[in-house]
Every structure is written in C-alpha cells, then in structure tokens.
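A.B. asks:
2 protein chains.
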Amino acid sequence: MSEKTEKKELAILRLLQKAGEPVSSLRLKENLHAMGHEVSERTIRHYFLDMDRRGLTKNQGKKGRVITELGLKELGSARIYDKVGLLAAKIDQLTYRMSFDLYKKSGTVIINISLASIEQLPQIVPLVCRVYEAGYSMGTMMAIFEPGERVGGIIIPEGMVGLGTVCSITLNGVLLAHGIPTHSSFGGLLELRDRKPTRFVEIIKYDGSSLDPLEVFIRSGMTDYAGATENGNGRIGVGFREVPADSRESVIALIQKLEEVGLGGFLMVGWPGQPLLEIPVSEGRVGAVVIGGLNPAAILEETGVKVKSRALAGMVEYEKLFHYQEMADRISSIS
Amino acid sequence: MSEKTEKKELAILRLLQKAGEPVSSLRLKENLHAMGHEVSERTIRHYFLDMDRRGLTKNQGKKGRVITELGLKELGSARIYDKVGLLAAKIDQLTYRMSFDLYKKSGTVIINISLASIEQLPQIVPLVCRVYEAGYSMGTMMAIFEPGERVGGIIIPEGMVGLGTVCSITLNGVLLAHGIPTHSSFGGLLELRDRKPTRFVEIIKYDGSSLDPLEVFIRSGMTDYAGATENGNGRIGVGFREVPADSRESVIALIQKLEEVGLGGFLMVGWPGQPLLEIPVSEGRVGAVVIGGLNPAAILEETGVKVKSRALAGMVEYEKLFHYQEMADRISSIS
DNA sequence: CAAAAATACGGCAATATTGCCACTTTATTA
DNA sequence: TAATAAAGTGGCAATATTGCCGTATTTTTG
Numbered sequence: 047m048s049e050k051t052e053k054k055e056l057a058i059l060r061l062l063q064k065a066g067e068p069v070s071s072l073r074l075k076e077n078l079h080a081m082g083h084e085v086s087e088r089t090i091r092h093y094f095l096d097m098d099r100r101g102l103t104k105n106q107g108k109k110g111r112v113i114t115e116l117g118l119k120e121l122g123s124a125r126i127y128d129k130v131g132l133l134a135a136k137i138d139q140l141t142y143r144m145s146f147d148l149y150k151k152s153g154t155v156i157i158n159i160s161l162a163s164i165e166q167l168p169q170i171v172p173l174v175c176r177v178y179e180a181g182y183s184m185g186t187m188m189a190i191f192e193p194g195e196r197v198g199g200i201i202i203p204e205g206m207v208g209l210g211t212v213c214s215i216t217l218n219g220v221l222l223a224h225g226i227p228t229h230s231s232f233g234g235l236l237e238l239r240d241r242k243p244t245r246f247v248e249i250i251k252y253d254g255s256s257l258d259p260l261e262v263f264i265r266s267g268m269t270d271y272a273g274a275t276e277n278g279n280g281r282i283g284v285g286f287r288e289v290p291a292d293s294r295e296s297v298i299a300l301i302q303k304l305e306e307v308g309l310g311g312f313l314m315v316g317w318p319g320q321p322l323l324e325i326p327v328s329e330g331r332v333g334a335v336v337i338g339g340l341n342p343a344a345i346l347e348e349t350g351v352k353v354k355s356r357a358l359a360g361m362v363e364y365e366k367l368f369h370y371q372e373m374a375d376r377i378s379s380i381s
Numbered sequence: 047m048s049e050k051t052e053k054k055e056l057a058i059l060r061l062l063q064k065a066g067e068p069v070s071s072l073r074l075k076e077n078l079h080a081m082g083h084e085v086s087e088r089t090i091r092h093y094f095l096d097m098d099r100r101g102l103t104k105n106q107g108k109k110g111r112v113i114t115e116l117g118l119k120e121l122g123s124a125r126i127y128d129k130v131g132l133l134a135a136k137i138d139q140l141t142y143r144m145s146f147d148l149y150k151k152s153g154t155v156i157i158n159i160s161l162a163s164i165e166q167l168p169q170i171v172p173l174v175c176r177v178y179e180a181g182y183s184m185g186t187m188m189a190i191f192e193p194g195e196r197v198g199g200i201i202i203p204e205g206m207v208g209l210g211t212v213c214s215i216t217l218n219g220v221l222l223a224h225g226i227p228t229h230s231s232f233g234g235l236l237e238l239r240d241r242k243p244t245r246f247v248e249i250i251k252y253d254g255s256s257l258d259p260l261e262v263f264i265r266s267g268m269t270d271y272a273g274a275t276e277n278g279n280g281r282i283g284v285g286f287r288e289v290p291a292d293s294r295e296s297v298i299a300l301i302q303k304l305e306e307v308g309l310g311g312f313l314m315v316g317w318p319g320q321p322l323l324e325i326p327v328s329e330g331r332v333g334a335v336v337i338g339g340l341n342p343a344a345i346l347e348e349t350g351v352k353v354k355s356r357a358l359a360g361m362v363e364y365e366k367l368f369h370y371q372e373m374a375d376r377i378s379s380i381s
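Sequence lines, in order, name chains A and B. Numbering-wise, the working numbering puts 369 at position 323 of the first sequence, and it's gapless, one number per residue. Numbering-wise, the working numbering puts 114 at position 68 of the second sequence, and it's gapless, one number per residue.
1) Should A/V336 and A/L161 be called a contact, given that it needs their Cβ atoms to be closer than 8 Å?
2) Let's see if you can read the secondary structure: which residues bound the alpha helix (DSSP H) around A/H224?
3) Please report the distance separating the alpha-carbon of B/M97 from that of B/K108.
4) Just grab the DSSP bridge partners of B/D147 for me.
5) Determine the direct distance from the alpha carbon of A/Q106 to that of A/V112, and round the result to whole angstroms.
6) Select from B/G210, B/G330, B/E67 the residue whose C-alpha is nearest the C-alpha of B/G316.
7) Around the Cβ of A/L221, are there at least 16 other Cβ atoms within 10 angstroms (buried) or fewer (exposed)?
8) Which value, in whole angstroms, describes the spacing of the CA atoms of B/Y142 and A/G310?
9) Sort B/L62, B/I90, B/E76 by Cα distance to B/T51 and report the nearest one.
10) Would A/C175 and A/M373 be called neighbours here (beta carbons separated by less than 8 Å)?
11) Would you check if the distance between the CB atom of A/L173 and the CB atom of A/I345 is smaller than 8 Å?
12) Listed in chain order, which residues of the region 229 to 251 of chain A have Cβ atoms closer than 7 Å to some Cβ of chain B?
13) Start and end of the beta strand (DSSP E) containing A/K75?
14) DSSP state of B/R100, grouped into three classes?
15) Less than 8 Å between the beta carbons of B/A80 and B/H224, yes or no?
16) Say whether chain A places a C-beta atom closer than 8 Å to the C-beta of B/S266.
17) Verify whether the separation of the beta carbon atoms of B/V307 and B/K151 is less than 8 Å.
18) Considering just the uninterrupted stretch of the alpha helix (DSSP H) at A/T244, what are its terminal residues?
19) Taking beta-carbon pairs under 7 Å, can you tell me which members of the region 253 to 264 of chain A lie near chain B?
20) Mind checking whether B/V289 and B/L313 have CB atoms under 8 Å apart?
21) So, is A/A185 buried or exposed, given that buried needs 16 or more other C-beta atoms within 10 angstroms?
22) To test your reading of the DSSP string, which unbroken alpha helix (DSSP H) runs of 4 or more residues are found completely within the region 341 to 378 of chain A?
23) Note the first and the last residue of the continuous alpha helix (DSSP H) segment covering A/I298.
24) Under a Cβ-count criterion, where at least 16 other Cβ atoms within 10 Å of its own Cβ denotes burial, should A/G205 be classed as buried or exposed?
25) For A/K54 and A/H83, I'd like the C-alpha separation in whole angstroms.
26) Express the C-alpha separation of B/R99 and B/D292 in angstroms, rounding to a whole number.
27) Does A/I157 come out as helix, strand or coil in the three-state DSSP assignment?
28) For B/I249, count the other beta carbons within 10 Å of its own beta carbon; 16 or more makes it buried, fewer makes it exposed. Which is it?
29) For the region 59 to 66 of chain B against the region 189 to 198 of chain A, are there 3 or more C-beta pairs whose distance is under 8 Å?
30) What's the C-alpha gap between B/D253 and A/K251?
31) Kindly indicate the opening and closing residues of the beta strand (DSSP E) around A/L132.
32) Relative to the alpha-carbon of A/L133, which residue among A/I215, A/V247, A/T349, A/Q302 has its alpha-carbon at the smallest distance?
33) Suppose contacts are defined by Cβ-Cβ distances below 8 Å. Is B/I201 in contact with B/R356 by that definition?
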C-alpha cells in the first residue's frame, strides 16, 4: 500500500471512530472533504471493501460501516505526527470538541479572546458596539472574563479583562451536529462597497498557515472597519466555507435558527458549483462566506487601541454569553 | 479527459513553451514539482505519448520533447484564470523573468523595497548594517532608490528613499538557470538558539496565501532580530525550499559562488529525504532554508522605525547593487 | 576508440481511482 | 398496502497513475 493510500485509510478510520455510529460512504465522502481530502464516493467503498476484508471495518448492512476493535487498534498504533500545527488541524479539533446544541441552547461554543486593560474599557465599549450594531460581527453575543479567569490556555492577567467573541468555527460545529460537514477553505479580507461584498483582497488558506488569517489581517492593519461601519465601504475579515450542495436548504434553515439565538454569522450562501465572489467552488458544493469572529476586536486595533487578540482561544458555555448591549453594564460591575 | 488531467497537461505545455528547447520527462518532472504538481516521471511520459499523438508535442529523439505549433495554439486558447493571486504564482513568474548570470555577474535580480523617509535614514543605517553584519541577511548587497525612481510597480515618493534588499527568490532563479528547479514550500519564522536554527515557530505556505509570509511576520511584530543579532537568540524570517536530491552537490557548489558575488542566502541544506528542522521532505528531494530577503527591514519595524516594506517588489540590474558598507556614503550623497 | 555509465524511451503489468449499473433495503407516498 | 423513491452496496469496466524492464542513444571514462 502506498503512503498516500495509507494516509487516506487512516483518515477514514479516524472519522469512523469519531462518528461512533455506522456511516455510509456518501456521508463519509463529505466528511473527508471537510478535512481536505478529495475522493469520490465510489473510491471510499473501494477502501471500505478492502478494510472489511482486513477486519478493520464492518459492514452493518444498510446503515453503513463501523470501525472494529482491530480497526481501533490500528488507529492507536498509527504514529500521530502533525508537525508545525497548521490551523486546519486546530479547526478540526475544536469543531469536534464543541458541544453547543441549537435547540437546547446549551453546550460550549468556540471563542476568541481579546485582552484589554481595564483603563481602556471606556474607549472600547462604543467601538465594539458599533461593529455589532452594523452587523459585521459573528452574532450578537459576547463574553467577558475577569482577571484570574482561565479560558482555554489563557489566564486573564491582573488589571485586564478578556473580551470573548464567538468564533465562526462555532458554525462548523453546529452544522456538523446537524449532519452537515463543513470545509473551511480560507480566511480572507473582503472588500465592501455600499455594504455589499465585492471581492477578496487577500486570502490565506487554513491548511497552509499556522497563524489565523484574521489575526494577520488585523495585526497588519489591513482591515477597514471604520469605513465599513460608517458608510459601508471598507474591508472586513471573513471566512470561506464549503458545504455539500444538497444541504443548502438545511443550512439556510439553520442560519435562521442561529440568528434567533444570537449566533448568526453567514454573510452569503452561494449556489451549487457556482463561484462565489469569484472563488471557484467544486461541483456538488456550495460556497458560503461567514463573518470573522474577531471583527469586533479588529476595529480596536484599527483606531489605535492596543489589545492582544487570540483567535480560537478556547470554548465557553453558551450560558456565559450575553447580548452585546449589556456590555456596558457588565463592565461597570468590574471596574 | 478529466478536469485534473487537463490542468496537468496545460502545465506541461506551459513549461515546454518556457523552456524553448527539448525537455526530457525527468527534467520536466522536477519543474512540475517546483510548481507544486506531484507526478511521477513515468506519468509524464504517459502524457507526452498522448500529446504526441494529438500533435501537441513532438519527440526530438534523445533530447526530449518540444511543443509544436498546435500545442502553442492550444495553450493560447486555454483560459488563463488565476483568481486571487496566490504568492506561489508570483514567485513562479518572477523566477522565470529574472536574468542574473552568476558568471557574468550581470542581469536582473529580484528585490524587496522598503520605503523610509529621508529624515529616518540616520537611524536606519546602523540597524540595517547590524543585520547584514550578523549574517542574517540575504547576501551583502543592497540598493537605494531616490525619490521619483520607479521599481516594479512602485514609484518612490518625494521625501522618501527606497531601500532595496535582494529577495531570496533570486536564488530560485539562479538555481533554475543552472538547471535546478526549486520548489518554494513556505515562509516561516525560525527560532534561533545560540545562533543555531532550532525550530519553526510559524509557517505560511506560499501556495496558500496571497500575502508574503515574511511581510506578515514583520508587520505582526513577531520577529526578534534585536535578540538574534545581539546574542544569537531570536526569531528571524526564512524560506523553505526543496531541490532534487541529485542536485545537492551542485547546489552547494553554487552557494559558494553566490557568496562570492554577495548573494549568499542559504542557511541550511538538508539531506535526501531527511526532515530538516522537523519539516518532512519528500523522497528524492533535499530541503533547504534560505534567509528572508526582507530581514534587514524587519529590524526597523521591530525597533519602532516605521517603514513600508513590500516583498517581491520588482527587479533591478545587478550593477545597481552595492555592498552594504557603502550605504552610509551613498545616502549622504542624497540627503 | 571501446567500454561503462547515464539518459530517455516505450511496452507491459500492477495498482489506484472512478463511472456505471443492477440489486437490495428502507422510507415515503398515493 | 402497493408503488415509488431514496440510499447504500458490490461487480465490472474504463481511466489514470506508477513501477519495472529492456532497448536505444549519448556522454563519459579508461
């Protein structure tokens, strides 16, 4: 078996393991795509057949396949090597780990953290609100962390507060929970004209970078939220996603639901196989543009307020989030 | 013919065209690799055979193949679409366009431009020299452009000067001129300990980004030249390249020559198939680390001197370059 | 100049991937 | 409940890719 073959086989086993239930070749194909592997559905059955024979997987008849004991063992023995952590890996990880349930309105969501000193807060509040107001934010919810609190790997230092903004990867997780595997292609800087998205100015693929594209755009001072919020002409950070064409309607329905719970983040949804903002989309998929979660923090950098932002910082319970309009109140109770 | 097939075929034709002389399948394989296509040498002969039959290419016996009239026509009719310009495309382009001849010591080299105001110069000179001195620079040569001069697409504004530093892509071009196709994998931030490269802190692949990785690291303030030049502990921007394993010796010989003309930029050269700084290298290739051309400009950003840097800005004649020690003199004649 | 080494080729076969289709099992619908 | 639609599967064949090998030609070496 060639090296390439083995890699794909492992990817399949891994997905079977994560699923924990029988999976059909078609569903698996979409999941593989979300992880960046391009294969046809038939080829997967081809692999399945071979792995069935070797006892790594088992055909549960109509439902699909499950991984066997032997398969699990094989997985365990496979060396895990990820080298310099590319962002794509981290995205995958977090997507599977988060647990937000759209109907119960509970569970964890993925957030970004921006650290600001307490003195800066009065300056910050109106700016952040402006972005939320203009709708260039991932939903309407946010969180605040007080000194000493721990989120993901970060501990909020003395004299500072952590502003938590919902990360758009959360959307991946929600879609996944509804059986829609989402491929995150790249983060980009989107130019707006009269509040309408026109084209991508820059892009950085998630599987080609260890840095978060949005962080990069923000730190490089390439965003223009001031303009975007003022007259609709500016540049904002967004993410580009691909979902299976059949799921387009379900996605649209979910977007509705998401907005109701304050987690709306979709800016555009394309059509099957059709390019979206000049970005080609493979056949059988639709492209979608989601708003960058760090956006509210970006405007700070832009106007000279120094904050440290960290994308994909960790997860928090949905209950911990509140509507952005409450921000001023919440803050006053701290300082 | 599938879509994927067609793409590769076009890539082959394009390379044949550029070469302008008969090319064998083996050489072509390396060239394709440099452009990011992974195929076996046999497969290329497979394509050749097919294209021979269709009259797009012609077998010149022992020498290899050339493209025919019909092939050129086919190329012309192929839609050229490159979407949001990824850096990899730009690198290819410039590599083929530059013309520096190592023996004649003439022709064009690729440079980056950093714009600084004339008032800043006195501050700048010692810092830049420090980087050159420490050897964390691409060679020892640089250029200065006066107000009004035009380099690539940039015109130096009034009251400013352009500092031109040699871009490490120039090395690709030189190697190519000696028949060694170089694949540029990614730009990375390299951690130094006691002047020894230890590991990559961050990486951004050239084929996954429209921004130059080095520019990103610099603008994000992630570099640490102050440390690197002072005590050998710091972080500098570098590029990762792959060259065919057989050419390792030629490369080493060329490095020697390059240093003699002030264009030395190789920091490390690995061994066939062996990982270099934990970065895996495909079989039959050796990895190499080259110093980022923008490095001298990076220390400026770091110490708070505001300059605008633009990687891969354009090309200049080698004659226009001078040794960095002359910088002070050259500048005094301007201001 | 002859022998040896290197380079390039194409035939053949093995492997990998994918399309097409018939068959079976569920769901859904009339 | 019967008919129809949808999803999933494996067989078969076509295509794509690659490895292996023998032949031819050129280059290098002794």
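Note that the Cβ used here is the ideal one computed from N, Cα and C, for glycine as well. Since we're looking at a predicted model, the values are computed, not measured.
C.D. replies: With the structure as the only source:
1) Translated into the one-based positions of the first sequence, residue 336 of chain A becomes position 290. Translated into the one-based positions of the first sequence, residue 161 of chain A becomes position 115. For A/V336 and A/L161, no; Cβs fall outside 8 Å.
2) The residue you call residue 224 of chain A lines up with position 178 of the first sequence. Premise fails: A/H224 is in no alpha helix (DSSP H) and is neither H nor E.
3) Here the question's residue 97 of chain B lines up with position 51 in the second sequence. Here the question's residue 108 of chain B lines up with position 62 in the second sequence. Computed Cα separation, rounded: 17 Å.
4) What you label residue 147 of chain B is simply residue 101 of the second sequence in a count that begins at 1. DSSP output for B/D147 lists B/S152 as bridge partner(s).
5) Counting from 1 along the first sequence, the entry for residue 112 of chain A is found at position 66. Counting from 1 along the first sequence, the entry for residue 106 of chain A is found at position 60. Roughly 7 Å between the two C-alpha positions.
6) Translated into positions along the second sequence, residue 316 of chain B becomes position 270. Selected option, being the one with the closest Cα: B/G330.
7) Along the first sequence, read from residue 1 onward, the residue named residue 221 of chain A stands at position 175. Looking at its Cβ environment, which holds 16 or more other Cβ atoms inside 10 Å, A/L221 is buried.
8) Within the second sequence, numbered from 1, the residue matching residue 142 of chain B stands at position 96. Within the first sequence, numbered from 1, the residue matching residue 310 of chain A stands at position 264. One C-alpha to the other measures close to 47 Å.
9) Counted from its first residue, the second sequence places residue 51 of chain B at position 5. Checked all of B/L62, B/I90, B/E76; the closest Cα to B/T51 is B/I90.
10) The sequence position of residue 175 of chain A within the first sequence is 129, counting from 1. The sequence position of residue 373 of chain A within the first sequence is 327, counting from 1. Their beta carbons are under 8 Å apart, which means A/C175 touches A/M373 by this criterion.
11) Taking the first residue of the first sequence as position 1, residue 173 of chain A is located at position 127. Taking the first residue of the first sequence as position 1, residue 345 of chain A is located at position 299. Taking 8 Å as the Cβ cut-off, A/L173 and A/I345 qualify as a contacting pair.
12) F246, E248, I249, I250, K251
13) Counting from 1 along the first sequence, the entry for residue 75 of chain A is found at position 29. Element bounds for A/K75: not the beta strand (DSSP E) but the alpha helix (DSSP H), 71 to 80.
14) In the second sequence, counting from the first residue as 1, residue 100 of chain B sits at position 54. B/R100: coil per DSSP, three-state reduction.
15) Position 34 of the second sequence holds residue 80 of chain B. Position 178 of the second sequence holds residue 224 of chain B. The answer is no: Cβ separation not under 8 Å.
16) Residue mapping note: residue 266 of chain B aligns to position 220 of the second sequence, counting from 1. For B/S266, the answer is yes, since a Cβ of chain A falls inside 8 Å of its Cβ.
17) Numbered from its first residue, the second sequence carries residue 307 of chain B at position 261. Numbered from its first residue, the second sequence carries residue 151 of chain B at position 105. Cβ atoms of B/V307 and B/K151: closer than 8 Å.
18) As a working note, residue 244 of chain A is residue 198 in the first sequence. Taken as a continuous stretch (DSSP letters only), A/T244 belongs to no alpha helix (DSSP H), being part of the beta strand (DSSP E) at 242 to 251.
19) D253, G254, S255, S256, L257, V262
20) Here residue 289 of chain B refers to the residue found at position 243 of the second sequence. Here residue 313 of chain B refers to the residue found at position 267 of the second sequence. B/V289 is not a Cβ neighbour of B/L313, given a cutoff of 8 Å.
21) Numbered from its first residue, the first sequence carries residue 185 of chain A at position 139. A quick correction: the sequence has Gly, not Ala, at residue 185 of chain A. It is buried - the Cβ of A/G185 has at least 16 other Cβ atoms within 10 Å.
22) 341 to 348, 373 to 378
23) As a position in the first sequence, residue 298 of chain A is number 252, starting the count at 1. In the DSSP annotation of this structure, the continuous segment of the alpha helix (DSSP H) that includes A/I298 starts and ends at 294 to 306.
24) What you label residue 205 of chain A is simply residue 159 of the first sequence in a count that begins at 1. Under this definition A/G205 is an exposed residue.
25) To locate residue 54 of chain A, count along the first sequence from 1; it is residue 8. To locate residue 83 of chain A, count along the first sequence from 1; it is residue 37. Each residue's alpha carbon lies about 8 Å from the other.
26) Walking along the second sequence from the start, residue 292 of chain B turns up at place 246. Walking along the second sequence from the start, residue 99 of chain B turns up at place 53. Rounded to whole angstroms, B/D292 to B/R99 spans 32 Å at the Cα level.
27) As a first step, residue 157 of chain A must be located in the first sequence, where it is residue number 111. A/I157 falls in the strand class under three-state DSSP.
28) Here the question's residue 249 of chain B lines up with position 203 in the second sequence. Result: buried.
29) These segments do not touch.
30) Taking the first residue of the second sequence as 1, we reach residue 253 of chain B at position 207. Taking the first residue of the first sequence as 1, we reach residue 251 of chain A at position 205. Roughly 9 Å between the two C-alpha positions.
31) Translated into positions along the first sequence, residue 132 of chain A becomes position 86. Looking at the DSSP string, A/L132 is not in any beta strand (DSSP E), and its letter there is neither H nor E.
32) Reading the first sequence from its first residue, position 87 is the one you call residue 133 of chain A. The option with the nearest alpha carbon to A/L133 is A/I215.
33) Against the second sequence, residue 201 of chain B aligns to sequence position 155. Against the second sequence, residue 356 of chain B aligns to sequence position 310. Cβ distance not < 8 Å, so B/I201 and B/R356 don't count as in contact.
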